[in-house]
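Engineer: If you scroll down you'll find the structure; I have some questions about it.
Residue numbers (our numbering): -1 to 272.
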């Protein structure tokens, strides 16, 4: 895991002799995203987004990492950010994985800071996200995104699209148990603290995000990780319900059921918005 200053220093470098990292857009725990120019033999082809990811040092883990990224990149849905290619590269003597993707105009996170969304726009966002989750949760094998939040909703090609499938987990017929709790703390469900990963994880995150979009605040906050965990596991969400119209009230309540067995599915959300 590299600090942000490491990722910022890659701006201006070239990936795979083809992608010039023109602008640093941001980083997470395992990689960074850049706006890049795709160039072949000095000819400009198109503008793209490129995610550069720290490569696992262990050879077996690195192969697994590449397979997971390739699987995520192969997902096809009109509301998933399109991936063009995946590969390995060396930049400044360090090895990385990279994903070349379609470029977006804005993230939902930035949009919420600059404008109040209409109910029609909110419906489009929730509908698009639920459609992607329905696709992932009903694919074979089932998949869980694990990091649904405004920063991972992008506007591209006149649609709201889900991005950053780097935490994607493939499931069998049942929930997984893991020691590796990933995701963004304010958006993770109660069962994540027991290491349980299932489709209900994404539905909880969708409920949190929907409430945040409509009220401007997160339903669960804490001064420390421990305080936040206690609230998520034991307390009811702090939501100004007067700001949430139907059918979103029903959707948020359904998605924020503490018991994942009673939590709404993506299909139920789509039905409520139909």
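We put the CB at the ideal spot given by N, CA and C, even for glycine.
In three-state DSSP terms, what is residue 81?
Structural biologist: Against the chain shown, residue 81 aligns to sequence position 83. Note: residue 81 maps to strand in three-state DSSP.
Engineer: I think residue 107 touches residue 47, with their Cβ atoms under 8 Å apart; what is that distance to the nearest whole Å?
Structural biologist: Sequence index remark: in the chain shown, residue 107 carries index 109 (1-based). Sequence index remark: in the chain shown, residue 47 carries index 49 (1-based). In fact, because the Cβ distance is near 15 Å, the residues do not count as touching under 8 Å.
Engineer: Taking only the alpha-carbon atoms, compute the straight-line gap between residue 111 and residue 208 and give it to the nearest angstrom.
Structural biologist: Mapped onto the chain shown, residue 111 falls at position 113. Mapped onto the chain shown, residue 208 falls at position 210. Inter-residue distance for residue 111 and residue 208 is about 15 Å (C-alpha atoms, whole angstroms).
Engineer: Touching or not, the region 253 to 260 and the region 130 to 144, by the rule of three or more beta carbon pairs under 8 Å?
Structural biologist: no
Engineer: Applying the criterion that 16 or more other CB atoms from any shown protein chain within 10 Å of the CB defines a buried residue, is residue 210 buried or exposed?
Structural biologist: Within the chain shown, the letter at position 212 stands for residue 210. The residue is buried, with at least 16 neighbouring Cβ atoms inside 10 Å.
Engineer: Do you know offhand how far residue 265's Cα is from residue 252's?
Structural biologist: Counting from one through the chain shown, the residue named residue 265 turns up at place 267. Counting from one through the chain shown, the residue named residue 252 turns up at place 254. If you take the alpha carbons of residue 265 and residue 252, they lie about 12 Å apart.
Engineer: Can you find the residues in the same chain that come closer than 7 Å, C-beta to C-beta, to residue 270, ignoring five residues on each side of it along the sequence?
Structural biologist: Here residue 270 corresponds to residue number 272 of the chain shown, with the count starting at 1. So the list reads 245, 248 and 249, once near-sequence residues are dropped.
Engineer: Which two residues bound the contiguous beta strand (DSSP E) that contains residue 32?
Structural biologist: As a working mapping, residue 32 is identified with position 34 in the chain shown. It spans 29 to 38 - the beta strand (DSSP E) in which residue 32 sits, taken as one unbroken run.
Engineer: What are the boundary residues of the beta strand (DSSP E) that includes residue 158?
Structural biologist: Translated into the one-based positions of the chain shown, residue 158 becomes position 160. Start and end: 157 to 160.
Engineer: Measuring only the C-alpha atoms, how far is residue 237 from residue 215?
Structural biologist: Residue 237 sits at position 239 when you count from the first residue of the chain shown. Residue 215 sits at position 217 when you count from the first residue of the chain shown. Taking the straight line from one Cα to the other gives about 8 Å.
Engineer: Along the alpha helix (DSSP H) that carries residue 223, what are the first and last residues, could you check?
Structural biologist: Position 225 of the chain shown, counted from the start, is the residue given in the question as residue 223. 223 to 232 is the span of the alpha helix (DSSP H), which, as asked, contains residue 223.
Engineer: Which one of 162, 104, 86 and 119 has the shortest CA to CA distance from residue 52?
Structural biologist: The residue you call residue 52 lines up with position 54 of the chain shown. When only C-alpha atoms are compared, the closest one is 86.
Engineer: For residue 78, does the count of other Cβ atoms within 10 angstroms reach 16, so buried, or fall short, so exposed?
Structural biologist: Numbered from its first residue, the chain shown carries residue 78 at position 80. Buried: at least 16 other Cβ atoms inside 10 Å.
Engineer: In chain order, what are the residue ranges of uninterrupted alpha helix (DSSP H) at least 4 long that sit wholly in the region 87 to 132?
Structural biologist: 106 to 112
Engineer: Do residue 263 and residue 201 have their C-beta atoms closer together than 8 Å?
Structural biologist: Numbered from its first residue, the chain shown carries residue 263 at position 265. Numbered from its first residue, the chain shown carries residue 201 at position 203. Their beta carbons are under 8 Å apart, which means residue 263 touches residue 201 by this criterion.
Engineer: Do you know whose CA, among 113, 23 and 95, lies nearest residue 61's CA?
Structural biologist: As a first step, residue 61 is located in the chain shown; it is residue number 63 there, counting from the start. Taking only the C-alpha atoms, the option nearest residue 61 is 95.
Engineer: So, are the CB atoms of residue 163 and residue 73 less than 8 Å apart?
Structural biologist: The sequence position of residue 163 within the chain shown is 165, counting from 1. The sequence position of residue 73 within the chain shown is 75, counting from 1. Yes, these two residues count as a Cβ contact at 8 Å.
Engineer: With DSSP as the reference, label residue 67 as helix, strand or coil.
Structural biologist: In the chain shown, the residue the question calls residue 67 occupies position 69. Looking at residue 67 - three-state DSSP - the assignment turns out to be helix.
Engineer: Select from 6, 2, 0 and 90 the residue whose C-alpha is nearest the C-alpha of residue 13.
Structural biologist: For the purposes of this step, residue 13 is identified with residue 15 of the chain shown, where counting begins at 1. Residue 13 has its Cα closest to that of 90, out of 6, 2, 0 and 90.
Engineer: Which one of 193, 198 and 116 has the shortest CA to CA distance from residue 142?
Structural biologist: What you label residue 142 is simply residue 144 of the chain shown in a count that begins at 1. Check the Cα spacing between residue 142 and each of 193, 198 and 116: the tightest is with 198.
Engineer: Secondary structure at residue 186, three-state DSSP: helix, strand or coil?
Structural biologist: Position 188 of the chain shown, counting from 1, holds the residue named residue 186. Note: residue 186 maps to coil in three-state DSSP.
Engineer: Do residue 118 and residue 153 have their C-beta atoms within less than 8 Å of each other?
Structural biologist: Against the chain shown, residue 118 aligns to sequence position 120. Against the chain shown, residue 153 aligns to sequence position 155. Their beta carbons are not under 8 Å apart, which means residue 118 does not touch residue 153 by this criterion.
Engineer: Check whether the Cβ atoms of residue 34 and residue 20 lie closer than 8 Å to each other.
Structural biologist: On the chain shown, residue 34 is found 36 positions in, with the first residue counted as 1. On the chain shown, residue 20 is found 22 positions in, with the first residue counted as 1. Yes; because the gap between Cβ atoms is below 8 Å, this pair is in contact.
Engineer: Assuming residue 149 and residue 105 are in contact, meaning their beta carbons sit under 8 Å apart, how far apart are those beta carbons, in whole angstroms?
Structural biologist: Indexing the chain shown from 1 puts residue 149 at position 151. Indexing the chain shown from 1 puts residue 105 at position 107. At roughly 6 Å, the Cβ-Cβ gap stays under 8 Å, so residue 149 and residue 105 are in contact.
Engineer: To the nearest angstrom, how far is the alpha carbon of residue 68 from that of residue 240?
Structural biologist: Position 70 of the chain shown holds residue 68. Position 242 of the chain shown holds residue 240. If I take the Cα positions, the gap works out to 44 Å.
Engineer: Suppose the cutoff is 7 Å on Cβ atoms and the five residues either side in sequence are ignored; what does the same chain contact list for residue 3 look like?
Structural biologist: Here the question's residue 3 lines up with position 5 in the chain shown. So no residue of the chain qualifies.
Engineer: Could you tell me if residue 116 is buried or exposed, where buried requires 16 or more neighbouring beta carbons within 10 angstroms of its beta carbon?
Structural biologist: What you label residue 116 is simply residue 118 of the chain shown in a count that begins at 1. When all chains shown are included, residue 116 counts as exposed.
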